[in-house]
Amino acid sequence: MATTYTLIDKTEVGSGGTSSITFTSIPTTYTDLLVKLSLRGNDNSRVATWINITFNGSSSNRSWKRVYGTGSAALSESDTTMRLGSVNANASTSNTFGNAELYIPNYLSSNYKSASGDGVAETNATATQLDLNANLWSNTAAINEITFAPGDGTGWLQYSSAYLYGIKNS
Amino acid sequence: MAATYEPIATTTLGSSQSSVTFSSISGSYTDLIAVFNGSNDGTTQYFLQVGNGSIDTGSNYSTTVLDGNGSSAASGRYTNDTVGIRADYYATGGGNKKMSIFQLNNYSNSTTYKTVLVRSALPATEVVATVGLWRSTSAINIVRFTCTSGYYETGSTFTLYGIKAA
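From first to last, the protein sequence lines are chains A and B. In terms of the working numbering, the first sequence opens at residue 1 and continues consecutively. In terms of the working numbering, the second sequence opens at residue 171 and continues consecutively.
As structure tokens, then:
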């Protein structure tokens, strides 16, 4: 039987950091995409930062909802962007990186693109965040590029990483 | 390297259907992943039913839901349910591109009741995490995506993957 779940590309951030992580020229040989991220943003004033998501460089026709827990409350909000919850920023506990994951089914489809993701910014403090996210890109184009940029600060710190996997349904 | 994540079956709807069933599922995997992406044509909720040999429609399901609708968070609890394991919280209309990932861990054992984790993204209406329980010690060898009313629309996709621990 065919094997699926194949590593397509990876980024491991080196010294000096990077302003964003982008996967380009994503092949059309898979059914779904899965991205696994370990990130720490460079904003020294915040414990956590958004991961802003862009498909094909487009910042239009996007919507997003999340439900999240802070350690003391469960809340929900929405916006006309796409986000993957929160990961650690540079005011959080040292050496701590936030984990996140994004699943994009039918990324080649001519339908609008849904994406589901989770993120966490764990730190040794009272307030932190766990996020569950729903994203929609109301565009019929196949996804060939994905960018992850921090919502606060100017980039991702060294030792951040992102792995892009392709999943085939046959 | 041994293959550990394998496609078992997939369906893309050529016309609207009220349910999609995958049967005769091999017990040779450790866990199952079921992925739905599509939409419904009416105001409906959708579910995953399971069984051994045939779909169980008895009151053997329970689900705990955590939901966010964009302005508030909510949690719901369903016990002795017959509809299956719930993937959403609100009944939503058509045209809402939805996706759900169901994780059926240790699905083929014949000793324990079966727990299912679900993450659903309905970007126009809600984001949902659920945990479901099927109170049966039977191995799961059949699953059915279903909904309360209406249909899954043309183009909706349903895929089942198997994961091997070794």
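C-beta: ideal position from N, C-alpha, C; glycine also. What you are looking at is a predicted structure, and each value in this text was computed from that prediction instead of being measured.
Residue range of the beta strand (DSSP E) that includes residue i
i	result
A/I143	Run containing A/I143: none; DSSP gives neither H nor E here.
B/D258	No beta strand (DSSP E) holds B/D258; DSSP gives it neither H nor E.
B/T249	243–251
B/P293	Element bounds for B/P293: n/a, residue is neither H nor E.
B/T181	175–182
B/I312	312–317
B/F192	189–192
A/W50	48–55
B/Y321	Looking at the DSSP string, B/Y321 is not in any beta strand (DSSP E), and its letter there is neither H nor E.
Inter-residue spacing [alpha-carbon to alpha-carbon] between residue i and residue j
i	j	result
A/A141	A/M82	16 Å
A/R66	B/S229	31 Å
B/K268	A/L75	21 Å
B/K334	A/D152	40 Å
B/M171	A/L7	With a pLDDT of only 49 at B/M171, under the threshold of 50, the placement of this residue in the model should not be trusted; the figure read from the coordinates follows. Taking the straight line from one Cα to the other gives about 14 Å.
B/S189	A/A91	49 Å
B/A309	A/G119	33 Å
B/A261	A/G14	47 Å
A/G69	A/A121	11 Å
A/S58	A/S161	23 Å
A/Y159	B/T252	48 Å
B/T180	A/E77	34 Å
A/V35	B/Y331	18 Å
B/S194	A/N44	55 Å
Proximity winner among the options, relative to residue i (alpha-carbon distances)
i	options	result
A/R40	A/N88, A/L102, A/D131	A/N88
B/Q187	B/L330, B/G332, B/Y331, B/T324	B/T324
A/S114	B/T180, B/Q273, B/S280, B/L292	B/L292
B/Q273	B/L183, B/D251, B/F206, B/A261	B/F206
A/N56	A/L37, A/N44, A/T24	A/T24
A/P150	A/I21, A/A134, A/S170	A/I21
B/Y199	B/I178, B/G208, B/F328	B/I178
Near the ligand PLP: residue i beta-carbon under 7 Å from a heavy atom
i	result
A/S110	For the structure depicted, the ligand PLP is absent and the ligand set is empty, with no information on it obtainable.
- Query: On the three-pair Cβ rule with 8 Å, is the segment 29–43 of chain A touching the segment 123–140 of chain A?
  - Reply: no
- Item | the segment 204–237 of chain B: positions lying closer than 9 Å to chain A by Cβ | V205, F206, N207, G208, S209, L236, D237
- Query: Closer than 7 Å, Cβ to any Cβ of chain A: which residues of the segment 237–256 of chain B, in chain order?
  - Reply: D237, G238, N239, G240, S241, S242, A243
- Message: Does the contact criterion of 3 or more C-beta pairs under 8 Å hold for the segment 235–250 of chain B versus the segment 309–322 of chain B?
- Response: no
- So, do the segment 297–311 of chain B and the segment 233–241 of chain B have three or more beta carbon pairs nearer to each other than 8 Å? yes
- Query: At a cut of 8 Å, does the segment 213–228 of chain B reach the segment 44–63 of chain A through at least three beta carbon pairs?
  - Reply: no
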